[in-house]
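Undergrad: Counting in this note's numbering, the sequence shown runs from 29 upward without gaps.
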Amino acid sequence: MSSIVFDVKDGVALITLNRPDKFNAFNREMALLLQQLLDDCAARADIRCVYLTGNGRAFSAGQDLAELVGENPPGFEQILSEHYNPIVTRIRNLPKPVVAAINGVAAGAGANIALCCDVVVATASALFIQAFSKIGLIPDSGGTYTLPRLIGWQKASALMMLGDKVTAAAAEQMGMVYKVLEDDVFAAESLAIAQTLAAMPTRGLALTKQALNASMHNDWPQQLQKEDELQYTAAHTYDYNEGVAAFLEKRKPLFKGE
Ligand code: T3D
């Protein structure tokens, strides 16, 4: 059984973390496979949106703690530099929207991988846990960068130190996730979001993502310059011309992601 199930349908790459008995905890094999699949998603023109979720009761419980005490465990440095840092960097740099569909508990690196995605939706019974402090580690996978920016420094600091279990409703209320969906409609409605994005001007969405990435470190003049550059590129895409033409002709646009 593969540690990740991969499928492509209607322009959406469905990536399902698949170690349900381990709460989809990351071992080296799964971390490397996810990187390879994200590369495939970046390269394939038929993929216009990525949908990342977990099989079973968890999205992911982060690092597989059993792997750390097993035979030939990966080195501590290796885990960040070869597993989590390349995963979150790939997600941020992927020129396509990535939807994280949080189907259950998301803990440790599992939570922070989720939080760096472009649109994060959670099922009503999901939980988010900055579990690192409970075992003496610091938050990684970009969590110290993303979480304070999403929910503010004080909340992030407290959650990271106390390791509280944050319900989906609380996560939505504090801006950690875009939307909570009821458990019985979660799978269909979260997928519908990915399908909607896949049919949109995805080249423009990729440029939006680039602008947001840059806004994390740019000052105001630099960011306006960045918007200028990226808007120039957006205005020279097929989809921009199609969008304007469809509006003026009062018809539905047919975007290609080009
Ligand atoms: O070097 C480095 O490690 C640096 C990298 C760090 C990155 C990190 O992600 S550090 C944080 C690692 N994650 C954790 O500390 C979370 C550990 N898990 C938990 O705290 C709990 O399992 C949960 C709160 C996530 C869920 O609790 P609960 O009560 O709903 O489920 P459970 O019974 O604890 O877990 C269900 C099964 O999943 C269980 O297996 P079993 O006993 O039924 O055979 C449990 O052992 C397994 N599981 C859950 N989390 C992990 C795990 N197995 C391995 N690694 C896990 N992280």
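For every residue, glycine included, the Cβ atom is placed at its ideal position computed from N, Cα and C.
1) Just checking residue 152 against the ligand T3D - is the residue's beta carbon closer than 7 angstroms to any of the ligand's heavy atoms?
2) Looking at the secondary structure, which residues open and close the alpha helix (DSSP H) in which residue 185 lies?
3) Could you name the residues of the same chain whose beta carbon sits closer than 6 angstroms to that of residue 103, not counting the 5 residues immediately before and after it, in chain order?
4) Can you list the beta strand (DSSP E) stretches of 3 or more residues lying completely in the stretch 138–216, in chain order?
5) Just to confirm my understanding: we take residue 76, look at its own chain, exclude 5 residues before and 5 after, and list those with CB closer than 7 angstroms. What are they?
6) Once you ignore the five residues that flank residue 202 on each side, which residues in its own chain have a CB closer than 7 angstroms to its CB?
7) In the DSSP assignment, the beta strand (DSSP E) including residue 109 goes from what residue to what residue?
8) Taking the DSSP output, what are the residues bridged to residue 42?
9) Quick one, which of 151, 200, 162, 139 has its alpha-carbon nearest residue 174's?
10) Under 6 angstroms Cβ to Cβ from residue 161, same chain only, skipping five residues before and after it: list those, please.
11) In three-state DSSP terms, what is residue 51?
12) For my contact list, residue 151 and residue 211 are in at a C-beta cut-off of 8 angstroms; report their separation, rounded to the angstrom.
13) Which of helix, strand or coil does DSSP assign to residue 104?
14) Let me check you understand the geometry: is the CB of residue 130 closer than 7 angstroms to at least one non-hydrogen atom of the ligand T3D?
15) Can you find a heavy atom of the ligand T3D that lies under 7 angstroms from the Cβ of residue 60?
16) Flag residue 136 as yes when its Cβ comes closer than 7 angstroms to any non-hydrogen atom of the ligand T3D, and as no otherwise.
17) Less than 8 angstroms separating the beta-carbons of residue 97 and residue 41?
18) Return yes when the C-beta of residue 133 is under 7 angstroms from any heavy atom of the ligand T3D, and no when it is not.
19) So residue 234 is in the alpha helix (DSSP H); what residue range does that whole segment cover?
20) Please report the straight-line C-alpha distance between residue 87 and residue 144, rounded to a whole angstrom.
21) With burial defined as no fewer than 16 other Cβ atoms inside 10 Å of the residue's Cβ, what is the status of residue 111: buried or exposed?
22) Helix, strand or coil for residue 86? Go by DSSP, reduced to three states.
23) Return yes when at least one heavy atom of the ligand FAD lies under 7 angstroms from the C-beta of residue 242, else no.
TA: Walking through what the data contain:
1) Taking the first residue of the sequence shown as position 1, residue 152 is located at position 124. Residue 152: no, Cβ never under 7 angstroms from the ligand T3D.
2) Working through the sequence shown from its first residue, we reach residue 185 at position 157. Taken as a continuous stretch (DSSP letters only), the alpha helix (DSSP H) holding residue 185 covers 181–190.
3) Looking up residue 103 in the sequence shown gives position 75. Here the set comprises nothing.
4) 147–151, 155–157, 193–195, 207–209
5) Numbered from 1 along the sequence shown, position 48 holds the residue referred to as residue 76. So the qualifying residues of the chain are 39, 124, 226, 230, 285.
6) Along the sequence shown, read from residue 1 onward, the residue named residue 202 stands at position 174. Contacts found: 179, 183.
7) Within the sequence shown, numbered from 1, the residue matching residue 109 stands at position 81. Careful: residue 109 lies outside any beta strand (DSSP E) and carries neither H nor E.
8) If you number the sequence shown from 1, residue 42 lands on position 14. Answer is 35, 79.
9) As a first step, residue 174 must be located in the sequence shown, where it is residue number 146. Residue 174 has its Cα closest to that of 139, out of 151, 200, 162, 139.
10) Here residue 161 refers to the residue found at position 133 when the sequence shown is read from its first residue. So the qualifying residues of the chain are 189, 191.
11) Working through the sequence shown from its first residue, we reach residue 51 at position 23. Here residue 51 sits in coil by DSSP.
12) Looking up residue 151 in the sequence shown gives position 123. Looking up residue 211 in the sequence shown gives position 183. The Cβ separation is near 5 angstroms, so the contact holds.
13) The residue labelled residue 104 in the question sits at position 76 within the sequence shown. Correct three-state label for residue 104: helix.
14) Numbered from 1 along the sequence shown, position 102 holds the residue referred to as residue 130. Every heavy atom of the ligand T3D is 7 angstroms or more from the Cβ of residue 130, so no.
15) What you label residue 60 is simply residue 32 of the sequence shown in a count that begins at 1. For the ligand T3D, not one heavy atom lies less than 7 angstroms from the Cβ of residue 60.
16) Here residue 136 refers to the residue found at position 108 when the sequence shown is read from its first residue. Under cutoff, so the answer is yes.
17) As a working mapping, residue 97 is identified with position 69 in the sequence shown. As a working mapping, residue 41 is identified with position 13 in the sequence shown. No, these two residues do not count as a Cβ contact at 8 angstroms.
18) Translated into the one-based positions of the sequence shown, residue 133 becomes position 105. Checking every heavy atom of the ligand T3D against the Cβ of residue 133, one is found closer than 7 angstroms.
19) Residue mapping note: residue 234 aligns to position 206 of the sequence shown, counting from 1. Start and end: 230–243.
20) Numbered from its first residue, the sequence shown carries residue 87 at position 59. Numbered from its first residue, the sequence shown carries residue 144 at position 116. Cα-Cα distance, rounded: 14 angstroms.
21) Sequence index remark: in the sequence shown, residue 111 carries index 83 (1-based). Buried is the call here.
22) On the sequence shown, position 58 is the one that residue 86 refers to. It is a strand residue.
23) No copy of the ligand FAD occurs in the structure displayed; its ligands are the ligand T3D alone.
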